[in-house]
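In the numbering used here, the protein residues as written are 133 to 945. Where a beta carbon is used, it is the ideal one built from N, C-alpha and C, also for glycine. Comments concern the structure below.
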């Protein structure tokens, strides 16, 4: 972005990104300065910079946006956010925002109309699956990213007898890496399940012990031929010498090109060459830990395996239905590649121009494609590839870059073919199965499997924190997610990335997750699943012989009315009746479970099978114990760790507003009530609407909702609904809106109120109703908190105490 003036050029300021998207301002660029400040109206965000050798540093800002003055500044000494150098950026005004909204309105309306049926099922019948489809179509939730898991991908019975296969010839070029070669050879002898002959081509290794070792080993084998190069010829020439020997002695046999750093599992050969029975198939490549587009857990990754892991992973690969576990490839991969004799006889050698290796098999495969040959990748075999054992990683990278450029010049369409394969990834589902098996093989501790929902909120916040902790420890975690656009979504969180698969088949979920030898099953939240009684049954089946923890982020295991609330006669009545045992009306649901006894029986079995019932407040511990006194010894009360409140000062009312951090100076003396979160009926939507109306009626205060409000309710100006926000944005939003107190309007006895703890963490006064974990937390905050009696109707809320002068407010430096 230009036009910022000569002083900007003097500081090397260059803005490369300046955009408004998703209700956020994103600003990136570079500048020759140690620190930079972004001011949006009166709100300031700092960015500490790390200049490179030339003194220039990159900067990036990402914060909630509202129309106003946008300014970049270099802070001066002793000036809080004020710099002796500043630049005002072109404004993103309301007119521009309105034009953008009008431009997308037709698309938005068309999507609404096309999902009218789902909207009706969602609003009239409470069908959460229909609601999720609507939200996904409108872009309010992420689109499905998972591959479809075929129900018959994993075979439950014994594997079929492999069809009779011809004898094979293995070509094994060798250069150094004697420590790996020993195991490679041993595994070939022990695990090859077909008649075989091996041609070993020793390429004049620099290791003086290599040839004596190979001569002794080959003499002991009746079906091995050793070829010794007089000089080091390189990988390609060594392979070609092996091919020449094959065509002279075994012209009708399938050939397996095998690197000397590849470890094969039991029964590998028959699975590898089986696709060659198709006369159009020219090559077959298995999956591996280092196999480019056939890598596990995802394409393009490389990872080391501990001893024996290849056998554990391949034991799962062998259970995959072969017809579901293969796909055409843009190229074969030469670390372990079976070649059809018909095509090898037509193209009997690799191009010597590829020298020491890398890319030669791609060149051969592209030439074969012109002859009508196909290349197939299979997931029903997994081999271990140590990689770079002969060359080392740095030499390998140079070879790859040089030879890849040669491939692109010869075959301009090849990169697009690879991109097409990766974009649709026809092997994504079987790759996921192997990634799961890999996760189990890499981890000594039981792999954690959380059952979580798709509706966000505190349970999801905590789940993400626990997954992050596992990843930081170098472990992996699985989330079995319900209530989204797919009936079941299985996520594998790995340090190398995220893998997802989806299915509508409960049996497929069970057979998939049972590939893990050691697992720790954790129920987080299942609200939103269209068939809720599937959940406890699956928990019992999945955890049989393993640890099961049931977490009470709500009371779903006790009641289908997971908040324990009755509906009032009107949406705007506060549903104060909390009934644990009998007499409540269930909320309308598209897929109700039936009578209460069925619910209690299913979830009772899961809670009985559980190792522990985890609650997060004394309030929820008491509720669970009162419903299931027989399981009281399993109840474990341990609140989540949250941030401690900021220091407080007493009483000095309005210090925050008068400090100049509020962007609404004309309202600085007016209380601003902040409400946090996505406020539905049970979270107090009727209360928020009524309190907002009361603020307007007497003009004493405003209410600002940082989050969303159930669309059946509304807030009129000057009250304001900000919309979704990032938790890290909270200090900025508090300053912008001038919030000086919080109100937690929740009407159900929360098991642990993340929102309450977020509010307390700001150091501002917090008010809530007298029930559940929210009241427990507010009382524990002492003078920072105020607990109101739960009223019968929203109009009965004690506005005097809510709007009165707090006992304390946040200390401002």
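Please identify the residue among the options whose C-alpha is closest to the C-alpha of residue i.
{"i": "residue 590", "options": "553, 686 and 569", "result": "686"}
{"i": "residue 579", "options": "907, 855, 422 and 625", "result": "625"}
{"i": "residue 500", "options": "551, 531, 462 and 820", "result": "462"}
{"i": "residue 468", "options": "758, 320 and 456", "result": "320"}
{"i": "residue 874", "options": "576, 898, 853 and 881", "result": "898"}
{"i": "residue 655", "options": "681, 672, 623 and 263", "result": "681"}
{"i": "residue 538", "options": "672, 351, 487 and 886", "result": "487"}
{"i": "residue 657", "options": "611, 851, 640 and 914", "result": "611"}
{"i": "residue 868", "options": "837, 584, 876 and 470", "result": "837"}
{"i": "residue 535", "options": "492, 574, 514 and 549", "result": "492"}
{"i": "residue 871", "options": "835, 887 and 860", "result": "835"}
{"i": "residue 482", "options": "540, 450 and 367", "result": "367"}
{"i": "residue 651", "options": "542, 677, 740 and 891", "result": "677"}
{"i": "residue 762", "options": "737, 748 and 932", "result": "737"}
{"i": "residue 631", "options": "936, 560 and 464", "result": "560"}
{"i": "residue 679", "options": "886, 766 and 845", "result": "766"}
{"i": "residue 923", "options": "916, 917 and 931", "result": "931"}
{"i": "residue 646", "options": "661, 596 and 581", "result": "581"}
{"i": "residue 692", "options": "670, 672, 675 and 730", "result": "730"}
{"i": "residue 550", "options": "498, 565 and 758", "result": "498"}
{"i": "residue 896", "options": "259, 804 and 760", "result": "804"}
{"i": "residue 956", "options": "818, 807 and 863", "result": "The shown model of the chain, from 133 to 945, leaves out residue 956, and the question about it has no answer."}
How would you call residue i, buried or exposed, if buried means at least 16 neighbouring beta carbons within 10 angstroms?
{"i": "residue 955", "result": "Within the shown structure, residues of the chain are numbered from 133 to 945, placing residue 955 beyond reach of any answer."}
{"i": "residue 214", "result": "The predicted position of residue 214 is uncertain, since its pLDDT is 47 and thus under 50; a value taken from the coordinates is nonetheless stated next. Looking at its Cβ environment, which holds fewer than 16 other Cβ atoms inside 10 Å, residue 214 is exposed."}
{"i": "residue 883", "result": "buried"}
{"i": "residue 458", "result": "buried"}
{"i": "residue 926", "result": "buried"}
{"i": "residue 236", "result": "exposed"}
{"i": "residue 495", "result": "buried"}
{"i": "residue 750", "result": "exposed"}
{"i": "residue 187", "result": "exposed"}
{"i": "residue 484", "result": "exposed"}
{"i": "residue 161", "result": "buried"}
{"i": "residue 824", "result": "buried"}
{"i": "residue 239", "result": "exposed"}
{"i": "residue 212", "result": "Caution is warranted here: a pLDDT of 48 is assigned to residue 212, below 50, making its placement in the model unreliable, and the coordinate value is therefore given only provisionally. Exposed: under 16 other Cβ atoms inside 10 Å."}
{"i": "residue 690", "result": "buried"}
{"i": "residue 753", "result": "buried"}
{"i": "residue 890", "result": "buried"}
{"i": "residue 902", "result": "exposed"}
{"i": "residue 892", "result": "buried"}
{"i": "residue 831", "result": "exposed"}
{"i": "residue 592", "result": "buried"}
Can you round the beta-carbon distance between residue i and residue j to whole angstroms, since I take them to be within the 8 Å contact cut?
{"i": "residue 453", "j": "residue 287", "result": "6 Å"}
{"i": "residue 517", "j": "residue 421", "result": "6 Å"}
{"i": "residue 509", "j": "residue 417", "result": "5 Å"}
{"i": "residue 379", "j": "residue 297", "result": "No, residue 379 and residue 297 are not in contact; Cβ-Cβ is about 20 Å, not under 8 Å."}
{"i": "residue 822", "j": "residue 929", "result": "7 Å"}
{"i": "residue 181", "j": "residue 192", "result": "Not really, about 10 Å apart at Cβ, beyond 8 Å."}
{"i": "residue 206", "j": "residue 165", "result": "5 Å"}
{"i": "residue 513", "j": "residue 697", "result": "With 8 Å as the limit, residue 513 and residue 697 do not qualify as a contact, their Cβ atoms being about 55 Å apart."}
{"i": "residue 333", "j": "residue 289", "result": "Actually they are not in contact, since the Cβ atoms of residue 333 and residue 289 sit about 42 Å apart, beyond 8 Å."}
{"i": "residue 553", "j": "residue 425", "result": "6 Å"}
{"i": "residue 694", "j": "residue 659", "result": "5 Å"}
{"i": "residue 515", "j": "residue 442", "result": "7 Å"}
{"i": "residue 887", "j": "residue 866", "result": "In fact, because the Cβ distance is near 14 Å, the residues do not count as touching under 8 Å."}
Problem - Continuous beta strand (DSSP E) assignments of at least 3 residues falling wholly in the region 609-687 - result: Counting only runs of at least 3 residues, the region 609-687 fully encloses the following beta strand (DSSP E) elements, listed from N- to C-terminal order: 609-614, 620-626, 629-635, 651-655 and 679-683.
Practice task
Evaluate contact between the region 803-817 and the region 839-851, counting only Cβ atoms and requiring at least three cross-stretch pairs below 8 Å.
Solution key: Yes, the region 803-817 touches the region 839-851.
Handout entry: Touch test, the region 168-180 against the region 200-207, Cβ-Cβ under 8 Å, three pairs minimum
Key = The region 168-180 is in contact with the region 200-207.
Exercise for the section: May I ask you to verify whether the region 406-416 touches the region 313-327, counting CB pairs closer than 8 Å and requiring at least 3? Expected result: Segments in contact, no.
Practice task
Could you tell me whether the region 566-580 touches the region 729-744, where touching means 3 or more Cβ pairs closer than 8 Å?
Solution key: At 8 Å Cβ cutoff, the stretches do not touch.
Practice task
Entirely within the region 726-757 and at least 4 residues each: give me those alpha helix (DSSP H) ranges in chain order.
Solution key: Entirely contained in the region 726-757, the alpha helix (DSSP H) runs reaching 4 residues are, in chain order, 728-741.
Practice task
Evaluate the contact criterion for the region 417-432 versus the region 350-359: three or more CB pairs, one atom per stretch, below 8 Å.
Solution key: For the pair of segments examined, the region 417-432 was found not to touch the region 350-359: the number of CB pairs separated by less than 8 Å stays below three.
Exercise for the section: Take every Cβ of the region 594-608, pair it with every Cβ of the region 470-488, and state whether three or more of those distances are shorter than 8 Å. Expected result: No contact exists between the region 594-608 and the region 470-488.
Practice task
Kindly provide the ranges of any beta strand (DSSP E) runs that are 3 or more residues long and lie completely inside the region 149-217, ordered along the chain.
Solution key: Listed in chain order, the complete beta strand (DSSP E) runs (minimum 3 residues) inside the region 149-217 are 156-163, 167-172, 175-180, 189-196 and 202-207.
Practice task
State whether the region 659-673 contacts the region 304-318, with contact taken as three or more CB pairs (one from each stretch) at a distance under 8 Å.
Solution key: Touching, no.
Handout entry: Three or more C-beta pairs below 8 Å linking the region 638-652 and the region 596-603
Key = Contact fails: fewer than three Cβ-Cβ distances are below 8 Å.
Practice task
Please list the segments of the beta strand (DSSP E) lying wholly inside the region 830-867, counting only runs of 3 or more residues, in order along the chain.
Solution key: At a cut-off of 3 residues, the continuous stretches assigned as beta strand (DSSP E) that sit fully inside the region 830-867 are 834-841.
Problem - Given 8 Å, three or more beta-carbon pairs between the region 611-623 and the region 262-271 - result: Taking 8 Å as the limit for Cβ pairs, the verdict is that the region 262-271 does touch the region 611-623.
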